[in-house]
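Contents: one structure, followed by commentary.
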Amino acid sequence: MPHEKPYIKHQWRVTDNTCYVALLAYNNKSNLLAMGMTNNTTVLWNKNGNRSYTIKGAIRVTALNFELDNLLYIGYERGEINRVILKKDSHDCKLEEHHHNMRVTSFSLSADKSKIFSTSTDGSLSILDVKTNKLIDKIDLKSPLYDSVPHQNQEDVIYLATDNGLLYQYDVKSKKHVKTINFGHHEPLMEVLFNPVTLSYLFCTGNNDILVIDAVGDKLSSKRAYVGYYDQVYGAEYISQVTNCIVICSNSKHINIFNVKNHSSILTEAHEDMVTTVHSPSWNDFIFGTGSKDKNLKIWHMISSDNGIGFLPKCLAFGSGHTDQISCLKFCNSKSSCQFIVTVSGDNTLKLWDITDVIKNETNDKLINITASSTLLAHSNEIMCLDVSSNDTLCVTGSKDKTAKLWHIKRSNMKLGIVGTLKGHTKPVWSVKFCETSSIVCTGCGDHKIRMFNINDLDCIQTFEEHEFGITQINFIPNRKAMISCDTNGIIKTWNLNKKICEKTYDKEHSGFIWTTCVVPRKNQPTLVITGGNDGKFIIWEDCTEEEQQIFNVKIAEHETKVQSIRNLIEQKKYKEAFLFAIELEQPFMCLKIIKFIIEEKGNDLEEIVSAFDKTQLARVLDYLSQWMTTKKYFTEASFVLNVLLRELEPIDVINNINSNIIIANLSYGMRHRDRLINLHDNFMLISKTYEDGHMD
């Protein structure tokens with residue numbers, strides 16, 4: 001079974017469109033499936049899809065427990081609990097209304113199966129006797145409870161999931177709250193499952209995050225997390241191969257640190273408002289920066305941790321000064337005597353920040369407050385994008401004012417200066433990028449065009465117009481002369497810059513705006529490309545162009561070898577083998593060449609060839625005939641083949657072939673060629689008669 005593909009073994013309709021299935025519980029021994037509906041009904045089905053029991057209760061089923069044979073517990077929206085004893089042809093119900101005042105959220109069975117624990121959003125834990133159904137105890141924990149699960153080792157201890165993201169450890173026997181466990185998530189813990197094989201717990205949170213927690217002895221330790229994403233992904237940055245982590249920012253004040261290897265992740269509250277941009281320098285394996293709608297930037301350092309992804313971000317520095325959200329930030333590209341960050345904002349300004357002291361003291365615990373070394377009012381409207389040249393002497397900005405501008409970075413005194421304006425845009429400039437291997441800067445614009453400028457004279461030297469929507473992202477793939485571009489319709493294109501053509505288009509992976517691309521060159525491994533957009537997805541791509549080219553070259557070499565084999569067979573006058581081989585390789589011109597040789601030698605090889613056709617070969621030859629018949633140059637050979645086909649094959653074999661309609665369609669071409677030959681014959685006879693009469697005179 002583990003190696004088989006999953007498939008639907010049985011399905012059946014369970015509702016009448018007046019409600020839907022809210023909960024499921026299965027009993028292995030009785031092979032019954034309990035379905036709790038959004039109305040007051042619980043239905044039990046056997047493995048054949050037949051309804052065995054229908055149980056009416058209070059308003060809306062909210063909890064089920066079917067661990068005990070022939071005993072089902074049902075919880076309802078208003079706090080009622082229904083204990084159902086299943087008999088052969090009937091069932092007995094006992095509805096209790098006083099155990100809880102609000103929604104029943106879960107049931108769990110004690111280790112000795114003598115007690116059942118029920119939790120509720122009213123904050124109470126009720127303990128019921130399984131045999132008598134009497135209430136043993138009711139404990140008020142004063143916090144809404146969503147689930148409960150027994151302790152992995154201690155019989156009288158249970159874990160309780162709360163609405164504030166905390167896990168309570170409670171001793172039922174002594175009625176003591178043993179401790180509170182905080183996993184760093186502030187959303188409610190909605191569901192808890194225990195895996196006795198791996199000795200781990202699985203928690204599902206209110207924002208659809210999944211936490212995997214190891215139970216080592218009496219301790220719980222976070223192993224990994226699978227974090228759900230938000231409506232839009234604004235930025236994604238690969239930190240380094242050492243951490244093997246991606247930082248993702250979306251429409252949230254949190255950043256998501258995602259481990260590429262095990263797909264686990266953690267959420268960290270990074271700013272007071274939505275994080276809008278993220279970037280990591282190539283010269284440090286542990287540093288990254290973030291910018292936010294709260295108008296501030298932060299520099300982070302990844303420190304070792306046992307939290308499942310291996311690292312935890314620690315804030316090193318904090319910078320303020322912008323009066324609007326930070327749209328984009330970039331680190332310098334080389335680690336020299338001084339390092340810097342450049343930021344742009346909705347306040348139309350460009351700022352340069354000296355972070356040399358921050359990098360020197362990256363291991364310190366003290367938070368450093370940094371200020372901008374240089375500020376320029378760079379554009380007349382919001383600045384959308386930014387990039388820094390590979391030698392750190394220039395930066396380029398793009399704005400909603402329909403311009404892109406080039407700026408000097410004077411590293412000696414940390415000052416900015418204007419170089420010039422890159423003109424020609426008719427819509428906002430959404431993306432700018434320097435080419436690492438040449439003196440070219442590229443811009444992506446809302447007018448659907450990608451423009452390449454020479455940074456020496458600021459002239460536009462190339463324009464790509466294949467996109468039908470506004471360009472949101474452009475990036476270069478450094479290990480080969482290639483470029484990637486994205487647009488507002490979720491379309492991704494890759495470009496060959498040597499040939500200046502679009503190589504491939506990807507239009508199914510994203511829907512809507514693609515806000516971020518990140519190209520990750522890796523040592524001895526294919527380059528990674530990360531894309532993210534307003535569909536809430538980020539996708540990791542692998543550049544397999546070199547592998548594809550190698551495979552293509554191998555196929556070309558194999559094909560040439562086979563074509564040469566056909567030529568050798570023709571030279572040996574083995575026309576039958578050559579013709580059938582040419583059909584297999586789908587070489588219509590080679591087939592035509594063989595037919596010409598047969599006609600010239602006036603042999604009967606074609607009759608032998610036609611009699612050896614199978615259905616596929618006949619279909620291909622008929623398809624070739626449709627091409628030859630429409631060309632005056634090849635009409636003789638086509639007519640010859642068609643004549644042999646109709647003489648040698650049974651009519652029923654031709655009629656039943658998938659391409660038999662080609663013969664009927666080609667009749668008109670045959671009639672046209674016949675009329676042309678008759679006309680040619682008549683003209684020849686007229687000229688001949690005229691010549692003879694003139695000669696006699």
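With full-length UniProt numbering applied, the sequence shown corresponds to residues 1 to 697, in that order. A virtual CB, placed ideally from N, CA and C, is assigned to each residue, including glycine. Given the structure is predicted, the values throughout are model-derived calculations rather than measurements.
Whole angstroms are fine: how far does the CA of residue 225 sit from the CA of residue 382? Roughly 37 Å between the two C-alpha positions.
For residue 26, is the classification buried or exposed, using 16 other Cβ atoms within 10 angstroms of its Cβ as the cut-off for buried? Classified as exposed, residue 26 has fewer than 16 neighbouring CB atoms from the shown chains inside 10 Å of its CB.
Could you tell me which uninterrupted beta strand (DSSP E) segments, each at least 3 residues in length, are contained entirely in the segment 381-453, listed from first to last along the chain? Complete beta strand (DSSP E) runs here, min 3: 383-388, 394-399, 404-410, 415-422, 429-434, 440-445.
For residue 619, the first and last residue of its enclosing alpha helix (DSSP H): Start and end: 615-629.
I'd like to confirm the pairing. Which residues does DSSP put opposite residue 539 in its beta bridges? 531, per the DSSP bridge assignment.
Please report the straight-line C-alpha distance between residue 201 and residue 389, rounded to a whole angstrom. Approximately 48 Å, taken between the alpha carbons.
Measuring only the C-alpha atoms, how far is residue 30 from residue 69? Distance from the CA atom of residue 30 to the CA atom of residue 69, rounded to whole angstroms, is 7 Å.
Any beta carbon from chain B within less than 7 Å of residue 274's own beta carbon? No chain B appears in the structure shown, which is made up of a single protein chain.
Counting C-beta neighbours from all protein chains within 10 Å, is the total for residue 631 16 or more, i.e. buried, or is it exposed? By the 10 Å Cβ count, residue 631 comes out exposed.
Using only the alpha-carbon positions, how far apart do residue 182 and residue 223 sit? Taking the straight line joining both Cα atoms gives about 14 Å.
Residue 285 to residue 37 span [Cα, whole Å]: One C-alpha to the other measures close to 52 Å.
Excluding sequence positions up to five away, which residues of its chain have a Cβ less than 6 Å from the Cβ of residue 147? Result list for residue 147: 106, 161, 191, 192, in chain order.
DSSP on residue 29, reduced to helix/strand/coil? Correct three-state label for residue 29: coil.
Whole-number beta carbon distance between residue 108 and residue 150, since they are thought to touch under 8 Å: With a beta-carbon spacing of about 6 Å, residue 150 and residue 108 fall inside the 8 Å limit used to define contacts.
DSSP beta-bridge partners for residue 714? Since the first residue of the chain shown is 1 and the last is 697, residue 714 is not available in this structure.
Quick one: using the 10 Å Cβ neighbour count with 16 as the cut-off for buried, is residue 681 buried or exposed? Residue 681 should be labelled exposed.
Go through the UniProt repeat "WD" (319-355) residue by residue and report every complete run of the beta strand (DSSP E) that reaches 3 residues or more, in order. Within the UniProt repeat "WD" (319-355), the complete beta strand (DSSP E) runs of at least 3 residues are 326-331, 340-345, 349-354.
Mind reading off the beta-carbon distance from residue 577 to residue 569? Whole number of angstroms is fine, and I expect it under 8 Å. Confirmed, Cβ separation roughly 5 Å.
Going by beta-carbon coordinates alone, are residue 309 and residue 266 separated by less than 7 Å? Less than 7 Å separates the beta-carbon of residue 309 from that of residue 266.
Can you tell me whether residue 35 is helix, strand or coil according to DSSP? Three-state DSSP puts residue 35 in a strand.
For residue 648 and residue 462, what's the separation of their Cα atoms in angstroms? Rounded to the nearest angstrom, the two C-alpha atoms are 60 Å apart.
By DSSP, does residue 685 sit in helix, in strand, or in coil? Residue 685: helix per DSSP, three-state reduction.
Tell me the DSSP secondary structure of residue 690 in three-state form. The three-state secondary structure of residue 690, taken from DSSP, is helix.
Local conformation of residue 734 per DSSP, three classes: Here the chain covers residues 1 to 697 and nothing more, so residue 734 does not appear.
Would you list, in sequence order, the uninterrupted beta strand (DSSP E) runs of no fewer than 3 residues that lie entirely inside the segment 177-216? Correct list: 189-195, 200-205, 210-216.
Distance between residue 276 and residue 104 (C-alpha atoms, nearest Å): Each residue's alpha carbon lies about 40 Å from the other.
Any idea which residues DSSP pairs residue 157 with across the strands? For residue 157, which the question treats as bridged, DSSP gives the partners 171.
Taking the alpha-carbon positions, what's the residue 323 to residue 538 distance? A direct Cα-to-Cα measurement between residue 323 and residue 538 gives close to 30 Å.
Under 8 Å: do the segment 353-370 and the segment 322-341 share three or more Cβ pairs, one atom per stretch? Yes, the segment 353-370 touches the segment 322-341.
Strand pairing of residue 313, partner residues [DSSP]: As DSSP reads the structure, residue 313 sits in a beta bridge with 302.
Report all residues from its chain with a CB closer than 6 Å to the CB of residue 594; omit the five preceding and five following residues, and keep chain order. Excluding residues up to 5 positions away in sequence, 575, 578, 579 lie with their Cβ nearer than 6 Å to the Cβ of residue 594 in the same chain.
Spell out the partners DSSP gives residue 525 in its beta bridges. Its beta-bridge partners are 522.
Considering only the beta carbon of each residue, do residue 287 and residue 268 sit closer than 7 Å? By the CB criterion at 7 Å, residue 287 and residue 268 fall outside the cutoff.
Euclidean distance between Cα positions of residue 135 and residue 95: Their Cα atoms are separated by approximately 13 Å.
Top-ranked residue by Cα proximity to residue 376, from 418, 110, 428, 690: Nearest to residue 376 by alpha-carbon distance, out of 418, 110, 428, 690, is 418.
Are the segment 506-513 and the segment 478-496 in contact at 8 Å, needing three or more beta carbon pairs? In short, these stretches touch, since the Cβ pair count reaches three.
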